Amino acid sequence: MNLNDQVTKNIVHIFEQFNHSLLTTDENQINTIPFEDSWTIGQTADHIIICSSGIPDEHTQVSERPFDRHVSVLKEMFLNMELKFKADPSLLPRKNSYTKDELLEQMEINKSNLLKNIESMDLTLICTDMAFPQIDYLTRYEWLSFIGFHTQRHLIQIENIKYKLTN
C-alpha cells in the first residue's frame, strides 16, 4: 500500500469513528455542558471541524529530513490524555449551540476535501506556511497524521462526555 493510500485509509477510519460517535449521541446531549470549564460535544466537534478543514500547504518545499520524523511526537502529545492543551483562539468553537446534522455534514465535507487532496499530493513535502507550535514545520504527511491523532483525542473526550451525561 503506498503512502497516499495508507493516509486515505487512516483518515477514512478516524472520521468514520468520529461520525459514529456523533450519530449515537442523543440530540439533547450535543449542547449540554457536562461539567464546569468543559466544552459541549457540539463545541468539541466544531473544534475538530475547524482543525480538520485543511492543512497549511500553499507553500511547500522538498524535505531534507525523513517525512515522518515528527509523527511519533505528535502521537505521544495528542493521545496522552494526561497532557492538557489550551486551544489557539482561532481554533475555539464558534458558537454555543449546534445540531447533530450540521456537525455530521461539515465533518463529511472536511473528509471529502482531505481525501481529494491526498489523492494527488506529494505527502513528503514540508509545508512552510505555518510551523507547528513547539515542533517545527511539518510535512503534509505529518499534518494529516496530526489531524488523525487530534481527532482521536477529541473522540475520546466526546465518549467521556457522553458517559458523564448518561451516568
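Heads up: the sequence shown begins at 24 in my numbering, then just goes up one per residue. By construction, the Cβ of each residue, glycine as well, lies at the ideal position given by its N, Cα and C atoms. Note that the structure is a prediction, hence the values are computed from the model and not measured.
Cut-off 8 Å between Cβ atoms - residues of its own chain near F169, not counting five sequence neighbours on either side: Translated into the one-based positions of the sequence shown, residue 169 becomes position 146. Contacts found: L97, F101, F155 and L161.
Using the three-state DSSP reduction, which class does M153 fall into: helix, strand or coil? Taking the first residue of the sequence shown as 1, we reach residue 153 at position 130. Looking at M153 - three-state DSSP - the assignment turns out to be strand.
For I78, I'd like the list of residues in its chain whose CB is within less than 7 Å of its CB, leaving aside the five on either flank, ordered along the chain. On the sequence shown, residue 78 is found 55 positions in, with the first residue counted as 1. Excluding residues within five positions, the ones whose Cβ falls inside 7 Å are C150, R163, W166 and L167.
Whole alpha helix (DSSP H) runs in the stretch 39-108 with 4 or more residues, listed along the chain? 64-74 and 94-102
Going by DSSP in three states, L26 sits in which element: helix, strand or coil? The residue you call residue 26 lines up with position 3 of the sequence shown. The answer is helix: DSSP assigns L26 an H, G or I state.
Since L115 contacts L45 with CB under 8 Å, what's their CB separation in whole angstroms? Residue 115 sits at position 92 when you count from the first residue of the sequence shown. Residue 45 sits at position 22 when you count from the first residue of the sequence shown. Contact doesn't hold; Cβ gap of about 19 Å is too wide.
Under the DSSP definition of a beta bridge, which residues are partnered with Y160? Along the sequence shown, one-based indexing puts residue 160 at 137. Looking at the DSSP assignment, Y160 forms a beta bridge with A154.
Ends of the alpha helix (DSSP H) at L127? Taking the first residue of the sequence shown as position 1, residue 127 is located at position 104. K123 to S143 is the extent of the alpha helix (DSSP H) around L127.
Output the distance between the C-alpha atoms of N25 and K109, rounded to the nearest integer angstrom. Taking the sequence shown and counting its residues from 1, one reaches residue 25 at position 2. Taking the sequence shown and counting its residues from 1, one reaches residue 109 at position 86. Taking the straight line from one Cα to the other gives about 35 Å.
Could you tell me whether the Cβ atoms of I141 and I37 are closer together than 8 Å? Along the sequence shown, one-based indexing puts residue 141 at 118. Along the sequence shown, one-based indexing puts residue 37 at 14. It is not a contact, given that the beta carbons lie outside the stated cut-off.
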